[in-house]
Amino acid sequence: MTLDDQGYLPLPGILSETQVQTMRARFDELVQEEGEKAGTEVHQEAGTNRLSDLANKGACFEVCFTHPKVLACIRHVLG
Numbered sequence: 283m284t285l286d287d288q289g290y291l292p293l294p295g296i297l298s299e300t301q302v303q304t305m306r307a308r309f310d311e312l313v314q315e316e317g318e319k320a321g322t323e324v325h326q327e328a329g330t331n332r333l334s335d336l337a338n339k340g341a342c343f344e345v346c347f348t349h350p351k352v353l354a355c356i357r358h359v360l361g
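For the sequence shown, our numbering assigns the number 283 to the initial residue and increments by one for each residue that follows.
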C-alpha cells in the first residue's frame, strides 16, 4: 500500500502507548468541556464524538503533524 495508490498511509507504531493514553484523556476532557458544541464545525452523526482543531487544543496532539514520518508524507504530497 502506498500513499500514491490509496491516498493514505498507515503509520503503525509512531505513537507510544503513553502518547495514545494522553491523547485519549485529552479528547475525553475536550468532549466534556465543549459539550454540545463539540465538533459542530464538522459533520455530526448520532453516537459519535467529534472534535475540531485539535492542533490548537493540546500539545499532546502536536506529534500528529510534527513526527518525521508524517512530515515525510506531507513532503511527498506537496513536493
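Virtual Cβ for every residue (Gly too), placed ideally from N, Cα, C. Small disclaimer: the values here were computed from a predicted structure and weren't measured.
For the set L297, G295, P294 and V313, the Cα lying nearest the Cα of G329 is the one of V313. H325 and G361 have their C-alpha atoms roughly 30 Å apart. Cα atoms of Q303 and R332: separation of roughly 18 Å, rounded to the nearest angstrom. 7 Å or more divides the Cβ of L285 from the Cβ of K351. Judged by beta-carbon spacing, G340 lies beyond the 7 Å limit of R306, meaning their Cβ atoms are not closer than that value.
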